[in-house]
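All remarks here apply to the structure that follows.
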Amino acid sequence: MKNMKLLFILIVALSGVSSAHAATESQLNAIAKMGELNGVALHCRYMDQMQRIKMTLVLHLPKQRELGDWFESATSSSFMDFMTKNSACPGALPFTEQVDVAVKGIEKTFKQ
-13 MKNMKLLFIL IVALSGVSSA HAATESQLNA IAKMGELNGV ALHCRYMDQM QRIKMTLVLH
47 LPKQRELGDW FESATSSSFM DFMTKNSACP GALPFTEQVD VAVKGIEKTF KQ
């Protein structure tokens, strides 16, 4: 996770995004959690939750490529980790509850 944060900081610095638009650590953590859940949803084929996760990000995140890249990186890492560990898919209800918590985290962290 620290390497991802360093990568994000480097991307922001190189892209010329002003510090006024830089994401906070809590915002990056909230996005990473959504990416983690999206990776699981992708692997387990929870399409409704994948759509919900992405819609939440579209509605609440500033339109910055770096934030989308952060989410995609977290999704990819989660998906690969899930496959590598040969993890079992969580039940639909417990997974939905995890997404509920993460959605509330995004809403709170990116409150406008």
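At position 71 of the sequence shown the residue is numbered 57 (our numbering), and the sequence of numbers has no breaks.
Ideal Cβ placement from N, Cα and C applies to all residues, glycine included.
Note that the coordinates shown come from a computational prediction; the quantities given were computed from them, not determined experimentally.
Judged by their CB atoms, Val87 and Arg38 are not nearer to each other than the 8 angstroms cut-off.
Annotation: the stretch 4 to 60 contains no complete segment of the beta strand (DSSP E) (minimum length 3 residues). In this model, Met66 and Arg31 are separated by some 15 angstroms (Cα to Cα). Where Pro76 is concerned, there is no enclosing alpha helix (DSSP H), because DSSP gives it neither an H nor an E. Put simply, the backbone Cα of Ser12 is about 9 angstroms away from that of Ile92.
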